[in-house]
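Worksheet for the structure shown next.
In the numbering used here, the protein residues as written are 555 to 678.
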């Protein structure tokens, strides 16, 4: 048995679907982003000449990895165009660590237990 919806029912279903899609886009637009107070526009991020990353997150794996990963995820939401280096996501070879630091505009040190004893953090 097949049921055929009357034309009014089909139109109502299409209207509801259109409403739900429009609402979803409106909610996605409301995402929190960093904005300049004066212009209500997101900041234009510029890198230094040859800079590959805006921010390098330096941390020790033993006591800071979860926290800096959360920082990177939050920044991805607040400033989606910001390029953030986090070793667990972006490091291809340990030997290129110093190059990645040099290719970053800013280095943020996440000081936690064992940071200064870490060989990788000493290189950074």
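Just so you know, even glycine gets a beta-carbon here, dropped at the ideal spot from N, CA and C.
Setting aside the 5 residues that flank it on each side, residue 587 is surrounded in the same chain by 596, 631, 632, 633, 634, each with a C-beta closer than 8 Å to its C-beta; the list follows chain order. DSSP lists no bridge partner for residue 669.
Apart from the 5 residues on each side of it in sequence, residue 673 has no Cβ closer than 7 Å to any other Cβ in its chain. The C-beta of residue 610 has 16 or more other C-beta atoms within 10 Å across all chains shown, which makes the residue buried.
Out of 644, 627, 671, the CA that lies nearest to the CA of residue 657 is found in 644. Within 10 angstroms of the beta-carbon of residue 670 lie fewer than 16 other beta-carbons, which makes it exposed.
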